[in-house]
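Per my numbering: the sequence shown = residues 163 to 300. Ideal Cβ placement from N, Cα and C applies to all residues, glycine included. This one's a predicted model, so the numbers in the text were calculated from it and none came from an experiment. Structure first, commentary second.
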Amino acid sequence: MMDFQKLAEYQIKLAQMMRDHHQFQNCLILCDRAMFSMAKAIYVHRNKIIPLYIRLSVTDLFPLIHTEAEPNLDMVLFIGTVHYLVSGEDDVSKEPMKLGEVDKLLYKTDSILESLSQRIVADPSKRYPSIYKENSFN
163 MMDFQKLAEY QIKLAQMMRD HHQFQNCLIL CDRAMFSMAK AIYVHRNKII
213 PLYIRLSVTD LFPLIHTEAE PNLDMVLFIG TVHYLVSGED DVSKEPMKLG
263 EVDKLLYKTD SILESLSQRI VADPSKRYPS IYKENSFN
């Protein structure tokens, strides 16, 4: 479980680097991968198993993320929309992104990763660390 959370952390940091280098499509792809990595961490946490390979579809996200205790339909829709844009199934995904849009994408993705991490890790020091919060240890 922690491996998937750590993978999500690396992916979002790399997405931030891609943003800084104006590689916006790569940033979008990495945000998608980070959210799916965290969803895999939730899958492992909930099922208490670590399969050799986890393949989640967008339809698998709904029961993982949207629960009675925490209804997060907007989160599921955001993840699904980002995944759809990454798939390149329509012409909208081929349009160039603007810096402001990418910043919103990164911020929302970071917020989702933080929220999902809180569901699976009780110890705050082991949760996903936001890329927008200052780390006092640096």
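Compute the Euclidean distance between the alpha carbons of residue i and residue j, then round it to the nearest angstrom.
i, j, result
"S298", "D252", "Residue placement at S298 is flagged as unreliable, the pLDDT there being 39, under the threshold of 50; the coordinate-derived value follows with that caveat. Roughly 43 Å between the two C-alpha positions."
"K288", "G250", "35 Å"
"N209", "K175", "28 Å"
"I293", "P286", "15 Å"
"V191", "I282", "Here residue 191 is Ile; the residue named in the question, Val, does not match the sequence. Rounded to the nearest angstrom, the two C-alpha atoms are 24 Å apart."
Along the chain, where does the alpha helix (DSSP H) that runs through residue i open and close?
i, result
"E171", "M164 to D182"
"M259", "It is not in any alpha helix (DSSP H) - M259 carries neither H nor E in the DSSP assignment."
"V248", "L235 to S249"
Return the residue from the list the options that minimises the CA-CA distance to residue i.
i, options, result
"M164", "K270, D265 and I212", "I212"
"F240", "A231, I227 and E232", "I227"
"H308", "Q187, D182 and Q167", "Limits of the chain in this structure are 163 at one end and 300 at the other, which puts residue 308 out of reach."
"A170", "I204, V220, D182 and G262", "I204"
"M259", "Q173, Q185 and K168", "Q185"
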